[in-house]
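Student: Numbering-wise (this note's numbering), the sequence shown opens with residue 729 and increments by one. Beta carbons are placed, not taken as given, at the ideal position from N, Cα and C, and that holds for glycine.
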Amino acid sequence: MSGHFNALVRDHDSVVTGFGRHDRVMATIAKCGELYCRVDHVHGLGMPTNAEVLAVARKDQGNRGRWRLTSKETWNGGRCTDFHFHGGNS
Numbered sequence: 729m730s731g732h733f734n735a736l737v738r739d740h741d742s743v744v745t746g747f748g749r750h751d752r753v754m755a756t757i758a759k760c761g762e763l764y765c766r767v768d769h770v771h772g773l774g775m776p777t778n779a780e781v782l783a784v785a786r787k788d789q790g791n792r793g794r795w796r797l798t799s800k801e802t803w804n805g806g807r808c809t810d811f812h813f814h815g816g817n818s
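See below:
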């Protein structure tokens, strides 16, 4: 049987919120030296720092290496912020 399992995890128990310290971070798997992350400002836990966004990308998606922030843009009426990093495995 194929498929996937969805589990409900409280924000305060999840790595994607820094265990309740900041808003949810969605991190992608890095490709060709580019890493994209998005923060959804839904529950008002606070804006994560660049270091906290990278910590989620490393812990949640296994991204390694040294990364440099290349752009940060808030959109969707302030409900989302995109982070773009360059770098990667060194």
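At what residues does the beta strand (DSSP E) containing Ala735 begin and finish?
Tutor: Careful: Ala735 lies outside any beta strand (DSSP E) and carries neither H nor E.
Student: Consult DSSP for Thr745 and reduce its assignment to one of helix, strand or coil.
Tutor: Residue state, collapsed to three classes: helix.
Student: From the DSSP output, which residues share a beta bridge with Leu787?
Tutor: Sequence check: residue 787 is Lys here, not Leu. None, per the DSSP bridge assignment.
Student: Using CA coordinates, which residue listed in Arg738, Lys759, Met754, Lys787 is at the minimum distance from Thr809?
Tutor: Looking at the Cα atoms, Met754 is the closest of the given residues.
Student: Taking the C-alpha atoms as reference points, what is the distance between His750 and Val743?
Tutor: His750 and Val743: Cα-Cα distance of roughly 10 Å.
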